[in-house]
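**Q** Quick one: structure below, then a few questions.
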Amino acid sequence: MNTKNIDDIIALSEELRWEIGDDFHDNLSESIYADASRIVEDAVTKDNKKSKFRLDARIDKIVTSRIWGFPIMLFILGAVLWLTIIGANYPSSMLASLLLDNIHPILKDFGTNLGFPWWLNGFLFDGVYLAVAWVIAVMLPPMAIFFPLFTLFEDFGYLPRVAFNMDNLFKRSGAHGKQALTMSMGFGCNAAGVVATRIIDSPRERLIAIITNNFSLCNGRWPTQILLATIFIGAVVPESYSSLASLSAVIGIAILGIFFMFFFSWALSKTVLKGEVSTFNLELPPYRPPVFWKTIYTSLIDRTLIVLWRAIVFAAPAGAVIWLISNVFIGDQSVASWLIDSFDDFGFLLGLNGVILLAYIVAIPANEIVIPTILMLTVMVTGISGGVGDGVMFELDSVTATADILRAGGWTLLTAINVMLFSLLHNPCSTTIYTIYKETNSLKWTVVATLLPVFAGFIITFLVAQLWRIFI
Amino acid sequence: MNYNPITALLIFFGISLLLFFVFRPKKGIYSLLKNMYHQEDKMIIEDILKFLYHNQTSNKHITTNHLTSTLEFSNDIIVESLKTMLANELISLEKDSYKLTTAGSEYALQIIRAHRLWEKYLSEKTGFHKEEWHERAEKKEHELSQSEIDKLSNLLGHPKFDPHGDPIPTKKGKMVSSKGIPLSSLKEGDIGKIIHIEDKPDIIYKQILAENIYLYSTVRVIENNPKRIVFHSEGEQFILAPIVAGNITISLLEKDEIQEENIARLSSLKFEETAMIVGLSKECRGESRRRLLDLGFVKGAIVAIDLLNPLGDPKAYLIKGTSIALRKDQASKILINRN
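Take a look at the structure:
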């Protein structure tokens, strides 16, 4: 056969392909699928009566009903959060007294006895050790409660129903119903929330869920909110209402976070993410009794310990930095107070101050150490009595004593409100940033996810500060 | 500097406004600058070639006036480009109207190939909305090199038609002419298949999109008068103005080609009804299509509604013993047959 012949054949085949139209590939693959299912039907015998277990259908009817669907969801989320926050208090304070009040002095004495110079002693035990101990004490108990509870519901099969119920709300902002789950997971820990976005298999919706996960107020930030709301918000109303007022302020911030999550989901899906592939599918698997111990074990290992380990890895250098900036001097000023001075003007513009901004920079590794760092830096800058020394983070058992220090640092109601807002709207902690990078494998989306909330925070606190000063 | 909250706010809004004017899409200074940079000779020449090619079939006489009034470039640049094209023998001048030379029409076909392949790519591999495909392809067609176009065609499995139903020219510049007629010229009772939905002009295309009329669906005309055209397709009724219907091309079906009439969209299935799946609409593309096939939405499968949603959408469908939630726009692209 000569080459001309071949060319003719190819040309003919190209023309014929137009004749059969575009759908022949599709028809072919579709019929393969159809054939496969027919073969399955012939070869596999099924017990038809048990195809859908009655109890399943009944549970589904209730949890997706118009009347009960949403109240059940809110109740479960509220109960899990309440159990986490309240339940974590006791083990947290036990760990704190063990690691901070008992072991820390022992370690320092140990260093002194070994003849460590003061700076090495301070750097190792006041800096590195203290930050790590703090993160463990504050972070471990809530996570060890939250994640197993969450995983139990996941195992039971309830969570896909939540995604099913919520999908319409998320669809409007271009997101996937399963984002309801990753968002709730974010209330426990944003890093874990980001990992949980793996359940969303559509690329665009997954990126949206990753980037906006930080708007879920995480465990590391709840204590800050509660403390500030108690001190400042509770104080403006009559005493009998104070706990109600501070509680609603904290819940208000969390709801504001959800609002921002929807808003930025919408904005992202309409702009930078609109070219990413978007699909939707959601399987509602049958319910099954959770394997209790196995669930507890895997959630502790997979979620809690991995996240904790990453947090420790990042907290150690942060502790070192905090100690160093307070103890290294340029001229007669420590690096910290020099930094605070230079941030003060910008901080004032946002209704914050230099101490707060510096605390948020050095506490990027863990939101848990923001308040201790703020207290330490405030004491250092104002020179009031309190605290244990430069670069040594501390927290006070008494709320009033904490309030006194903050007020001495120039805090007003505006400062408190803006810190609460900024605590909601700032960059994710370094553990989360690192997790985002690992999950997206893209520097671009990591940068977007990191900077978007900070800029939102700058703008919101700025606007609040100006309006406050104009009108109040 | 003295601080005053009102000044601070004013400065902030000033900066925001400035950023808005610089970066707003399409009319912003940034994108205008970017477009200016891109308004190269190549782009103008290619646009003129395309324009001539599309009008060649209708045997219109294209004069310089036609070109300057339709193309969005300044008159001087167009006249200048026409001179270059005449010199390069891409076009020839007969009296006052321009004609494509063989070289010119080959070139034009390659641009059309790039355009339609890119539209196909956008529809299959990205999440951009239908509305944006045309405009994006208008830009991209000037940027793709010959080898990039070939790679693209290879990646897409050498498609023959773009997502609007237009044929894609081959590498050698061959293309079939479509044999359809406009929907507006169909008589009452005629049955046909939508083979092309025109994506220009924008206003009419958006109307067609808003109606959720799908490519390759079968239509049956119920009523056709100068005021409106009423037709049934996939179990739904559509009413269009003749000018809109003119942008939908139909290939008439012979009586023996006609498939069963009671095809409907899955989205119209009611609670406690069962139906058999006939297939997926051609509008269900790319990743979504494969997902649905994977999940078992294939010809012959039996489907029923499993769960309704407290907010109305999505609904869960029971298929092959599994409960799968689908949104309404997905369900409308699955075709069923109620027995």
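Chains A and B are the protein sequences, given in the same order.
Residue numbers for the first sequence follow the working numbering, so the first one is 1472 and each next one is one higher.
Residue numbers for the second sequence follow the working numbering, so the first one is 416 and each next one is one higher.
C-beta atoms are modelled at their ideal positions from N, C-alpha and C, and glycine is treated no differently.
Roughly how far, in whole angstroms, is the beta-carbon of Leu1652 (chain A) from the beta-carbon of Leu1620 (chain A), given that I think they are within contact range, below 8 Å?
**A** About 13 Å; that fails the 8 Å criterion.
**Q** I'd like to know whether the C-beta atoms of Ala1789 (chain A) and Pro1836 (chain A) end up nearer to each other than 8 Å.
**A** Yes, the Cβ-Cβ distance between Ala1789 (chain A) and Pro1836 (chain A) is below 8 Å.
**Q** So, with DSSP's three-state summary, where would you put Gly542 (chain B)?
**A** The answer is coil: DSSP assigns Gly542 (chain B) none of H, G, I, E or B.
**Q** Please confirm whether Gln1937 (chain A) has its beta-carbon closer than 8 Å to some beta-carbon of chain B.
**A** Cβ-Cβ to chain B under 8 Å: yes for Gln1937 (chain A).
**Q** Using a beta-carbon distance cut-off of less than 8 Å, what residues from the stretch 725-748 of chain B approach chain A?
**A** Per Cβ criterion, the list reads Pro725, Leu726, Gly727, Asp728, Pro729, Ala731, Leu733, Lys735, Gly736, Thr737, Ser738, Ile739, Ala740, Leu741, Arg742 and Gln745.
**Q** Leaving out the 5 sequence neighbours to the left and right, which residues in its chain are closer than 8 Å to Phe1800 (chain A) when beta-carbon positions are compared?
**A** Same-chain partners within the cutoff: Val1806.
**Q** State yes or no: is the beta carbon of His1647 (chain A) nearer than 8 Å to at least one beta carbon in chain B?
**A** Judged by the 8 Å Cβ criterion, His1647 (chain A) is not in contact with chain B.
**Q** Sort B:Asn450, B:Ile492, B:Leu707 and B:Asp721 by Cα distance to Asp744 (chain B) and report the nearest one.
**A** The residue with the shortest Cα to Cα distance from Asp744 (chain B) is B:Leu707.
**Q** Just the C-alpha distance for Val1863 (chain A) and Ala1830 (chain A), rounded to the nearest angstrom, thanks.
**A** Distance between the alpha carbons of Val1863 (chain A) and Ala1830 (chain A): 13 Å.
**Q** Near Ile1666 (chain A), which residues of its chain fall below 8 Å by C-beta distance, leaving aside the five closest residues on each side in sequence?
**A** The question names Ile, but residue 1666 (chain A) is Val in the sequence shown. Within the same chain, Val1666 (chain A) has close Cβ partners Arg1774, Thr1906 and Glu1910.
**Q** Bridge partners of Thr737 (chain B), per DSSP?
**A** DSSP, once it has assigned bridges, lists B:Ile734 as partnering Thr737 (chain B).
**Q** Chain B beta carbons: is any one of them nearer than 8 Å to that of Leu1718 (chain A)?
**A** Not closer than 8 Å to any Cβ of chain B, the Cβ of Leu1718 (chain A) fails to qualify, so no.
**Q** Would you give the residue range spanned by the beta strand (DSSP E) that Ile751 (chain B) belongs to?
**A** Where Ile751 (chain B) is concerned, the enclosing beta strand (DSSP E) stretches over Ile749 to Asn752.
**Q** Put Arg1940 (chain A) into one of helix, strand or coil per three-state DSSP.
**A** Helix, per DSSP.
**Q** Answer yes or no: does any C-beta atom of chain B fall closer than 8 Å to that of Tyr1434 (chain A)?
**A** Here chain A comprises residues numbered 1472 to 1943, so residue 1434 (chain A) is not present and cannot be evaluated.
**Q** Buried or exposed for Glu669 (chain B), going by 16 or more other Cβ atoms inside 10 Å?
**A** Burial call: exposed.
**Q** Compare the C-beta of Trp1489 (chain A) with all C-beta atoms of chain B and state if any pair is closer than 8 Å.
**A** Answer yes: the Cβ-Cβ gap between Trp1489 (chain A) and chain B drops below 8 Å somewhere.
**Q** Show which residues of chain B have a CB atom less than 7 Å away from the CB atom of Arg1759 (chain A).
**A** Under the 7 Å cutoff, chain B gives no residues; its nearest Cβ is about 14 Å from Arg1759 (chain A).
**Q** According to DSSP, what are the bridge partners of Ser507 (chain B)?
**A** Ser507 (chain B) is bridged to B:Lys514.
**Q** Can you check which of these residues, A:Met1614, A:Phe1819 and A:Gly1825, is closest to Ser1808 (chain A) by C-alpha distance?
**A** The shortest C-alpha separation from Ser1808 (chain A) is found at A:Gly1825.
**Q** Within 10 angstroms of its Cβ, does Gln1696 (chain A) collect 16 or more other Cβ (buried), or is it exposed?
**A** Burial call: buried.
**Q** 8 Å is my cut-off, CB to CB: does Ala1505 (chain A) come that close to chain B?
**A** It does: the Cβ of Ala1505 (chain A) has a partner Cβ on chain B nearer than 8 Å.
**Q** Pull up the CB-CB distance for Met1614 (chain A) and Leu1795 (chain A), whole angstroms please, since I reckon it's below 8 Å.
**A** At roughly 29 Å, the Cβ-Cβ gap does not stay under 8 Å, so Met1614 (chain A) and Leu1795 (chain A) are not in contact.
**Q** Let's see if you can read the secondary structure: which residues bound the beta strand (DSSP E) around Thr633 (chain B)?
**A** Thr633 to Asn639 is the span of the beta strand (DSSP E), which, as asked, contains Thr633 (chain B).
**Q** Can you tell me the Cα-Cα spacing of Leu1566 (chain A) and Ala1608 (chain A), whole angstroms?
**A** Between Leu1566 (chain A) and Ala1608 (chain A), the C-alpha separation is close to 5 Å.
**Q** Output the distance between the C-alpha atoms of Glu550 (chain B) and Ile619 (chain B), rounded to the nearest integer angstrom.
**A** Cα-Cα distance, rounded: 15 Å.
**Q** Find the residues of chain A that neighbour Val693 (chain B), judging by a C-beta separation of less than 7 Å, and give them in chain order.
**A** Per Cβ cutoff of 7 Å: no residues; Val693 (chain B) is ~10 Å from chain A at best.
**Q** What residue range does the alpha helix (DSSP H) around Leu1953 (chain A) cover?
**A** Since the first residue shown for chain A is 1472 and the last is 1943, residue 1953 (chain A) is missing from the structure and cannot be characterised.
**Q** Output the boundary residues of the beta strand (DSSP E) element that contains Asp721 (chain B).
**A** Start and end: Ile717 to Leu722.
**Q** Under 8 Å Cβ to Cβ from Leu695 (chain B), same chain only, skipping five residues before and after it: list those, please.
**A** Excluding sequence neighbours, Leu695 (chain B) sits near Arg704, Leu707, Leu708, Phe712, Lys748, Ile749 and Leu750.
**Q** Name the DSSP beta bridge partners of Glu651 (chain B), please?
**A** In the DSSP output, where bridge partners are listed per residue, Glu651 (chain B) has B:Ser648.
**Q** Any residues in the stretch 477-508 of chain B with a beta carbon nearer than 9 Å to a beta carbon of chain A? Which ones, in chain order?
**A** Listed in sequence order: no entries.
**Q** Going along chain A in order, which residues have a C-beta closer than 9 Å to the C-beta of Phe427 (chain B)?
**A** Residues of chain A passing the Cβ test: Ile1930, Phe1933, Leu1934 and Gln1937.
**Q** Please report how far the alpha carbon of Ala1634 (chain A) lies from the alpha carbon of Gln1650 (chain A), in whole angstroms.
**A** If I take the Cα positions, the gap works out to 7 Å.
**Q** Along the chain, where does the alpha helix (DSSP H) that runs through His611 (chain B) open and close?
**A** Unbroken run through His611 (chain B) is the beta strand (DSSP E), Ile606 to Ile612; no alpha helix (DSSP H).
**Q** State the DSSP-derived secondary structure class of Thr664 (chain B), mapped to helix, strand or coil.
**A** Strand.
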